[in-house]
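**Student:** Taking the numbering used here, I'd label the letters of the sequence shown as residues 1 to 232. Attaching a single structure in structure tokens format; questions to follow.
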Amino acid sequence: MAQIICIIGNKGGTGKTTISHMLAQGFGLLGQRSACVLTDTAREPLSPEGRRYLTADARSPEALGKVMDKLRSLNGWMGVIDGGGNRSEIDRKLYSLADLVVLPFRDSHEDIRAVVKDLETFPRAWALPSQWPTNPWQREAAERTVATQLAGFRDRILEPVGALSSSKLLLQKQIPAQLPTPLANACRGIARQVLDLLEVLYEDVTDEAEAECNDARTHQDESAMPAGTLAH
Ligand SMILES: Nc1ncnc2c1ncn2[C@@H]1O[C@H](COP(=O)(O)OP(=O)(O)O)[C@@H](O)[C@H]1O
Ligand SMILES: [Mg+2]
1 MAQIICIIGN KGGTGKTTIS HMLAQGFGLL GQRSACVLTD TAREPLSPEG
51 RRYLTADARS PEALGKVMDK LRSLNGWMGV IDGGGNRSEI DRKLYSLADL
101 VVLPFRDSHE DIRAVVKDLE TFPRAWALPS QWPTNPWQRE AAERTVATQL
151 AGFRDRILEP VGALSSSKLL LQKQIPAQLP TPLANACRGI ARQVLDLLEV
201 LYEDVTDEAE AECNDARTHQ DESAMPAGTL AH
């Protein structure tokens, strides 16, 4: 049975879709087989070509049921479900079937208010600072805001995902043949946190030179992976 990670939250624009794809790509880069599952009816499915993960379209409840059944049958896989936002009922359903729940939020009062509510509603969920400032001065200010406004949830906040303009490459229908190193490193960073929380053992890759070695090995091994999107 696959491990299911749901990226949810009641607010749009927090980075759910971007983080879902970064996480799935990061799993792939760390040698874990993964699928990124689209549930947002406002988005188009993305081609799996060139990605280190499969993509699955689960925009209807029936399709979601089928994709979940398929994931349940895939031992050792990681299933990442992109929640969509503004859909409390679907978020509650995804929360109930997930092994791990992640609530992205940005450095804004509005996002922080929303994530506090979601952390209260979903007691097993983790908050993930998203699009986090990389400038040290701004980052310090953001950390102060979090320390005050999320004081009661300090032990449920993950390491931030920094603002990274190349992250939008993963949301393109077709991704470039070579992804920028900072993006690959950020993807691995998120995936490591999640694998550690789920206590999944993996072979770590600490720098890009090693990663390239590993990439070459994974490419040779691609025949072992089912091609294309996750079949229903
Ligand atoms: N880490 C990041 N760095 C820079 N921009 C980001 C990052 N994460 C998300 N974005 C941008 O923020 C916007 C909203 O992100 P998206 O993932 O679509 O959020 P959601 O799915 O929660 O609505 C998009 O334009 C996306 O490119
Ligand atoms: Mg989205």
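Note that the Cβ used here is the ideal one computed from N, Cα and C, for glycine as well. What you are looking at is a predicted structure, and each value in this text was computed from that prediction instead of being measured.
(1) Tell me the DSSP secondary structure of Val200 in three-state form.
(2) Rounded C-beta distance between Leu158 and Gln193? I'm assuming under 8 Å.
(3) Nearest by alpha-carbon distance to Gly79: which of Asp118, Lys93, Ser20 is it?
(4) Anyone know if the C-beta pair for Leu71 and Ala2 falls short of 8 Å?
(5) For Ala42, count neighbouring C-beta atoms within 10 Å of its own C-beta (all shown protein chains included) and say buried if the count is 16 or more, exposed if not.
(6) Measure the Cβ-Cβ separation of Leu171 and Thr17 and say whether it is below 8 Å.
(7) Distance, Cα to Cα, Asp204 vs Leu197?
(8) Sorry if obvious, but does the Cβ on Thr18 come closer than 7 Å to a heavy atom of ligand 1?
(9) Taking the Cβ atom as the reference point for each residue, do Val161 and Ile190 lie within a distance shorter than 8 Å?
(10) With a threshold of 8 Å, are at least 3 pairs of Cβ atoms found where one atom belongs to the segment 113-128 and the other to the segment 4-17?
(11) Over what stretch of residues does the alpha helix (DSSP H) that includes Asp57 continue unbroken?
(12) Just the Cα atoms here: how many angstroms apart are Glu120 and Ala151?
(13) Going by beta carbon distance, what residues of the same chain come within less than 6 Å of Gly26, once the five residues before and after it are set aside?
(14) Taking the alpha carbon of Leu97 as the point to measure from, which residue in Gly76, Pro104, Ala125, His109 has its own alpha carbon closest?
(15) Any idea which residues DSSP pairs Asp82 with across the strands?
(16) Quick one, are the C-beta atoms of Thr39 and Phe105 less than 8 Å apart?
(17) Would you call Gln32 buried or exposed, if buried means 16 or more other Cβ atoms sit within 10 Å of its Cβ?
(18) Less than 8 Å between the CB atoms is what I'm expecting for Asn24 and Trp77, so what's the real figure, rounded?
(19) Closer than 7 Å by C-beta to Pro133: which residues in its own chain qualify, once you throw out the five before and the five after it? Chain order, please.
**Tutor:** Looking at the coordinates:
(1) coil
(2) 5 Å
(3) Ranking the options by Cα distance to Gly79, first place goes to Ser20.
(4) yes
(5) exposed
(6) yes
(7) Between Asp204 and Leu197, the C-alpha separation is close to 15 Å.
(8) In this structure, Thr18 has its CB closer than 7 Å to one or more heavy atoms of ligand 1.
(9) yes
(10) Judged by Cβ distances under 8 Å, the segment 113-128 makes contact with the segment 4-17, as three or more pairs qualify.
(11) Per DSSP, Asp57 belongs to no alpha helix (DSSP H); it is in the beta strand (DSSP E), 54-57.
(12) 13 Å
(13) Cys187, Arg188, Ile190, Ala191
(14) Ala125
(15) Under DSSP, Asp82 takes part in a beta bridge, and its partners are Ile7, Leu38.
(16) In this structure, the beta-carbon distance from Thr39 to Phe105 does not fall below 8 Å.
(17) buried
(18) Asn is not the amino acid found at residue 24; the sequence shown has Ala there. Taking C-beta atoms under 8 Å as the contact rule, Ala24 and Trp77 fail to qualify, at a distance of about 11 Å.
(19) Asp107, Arg139, Ala142, Ala163
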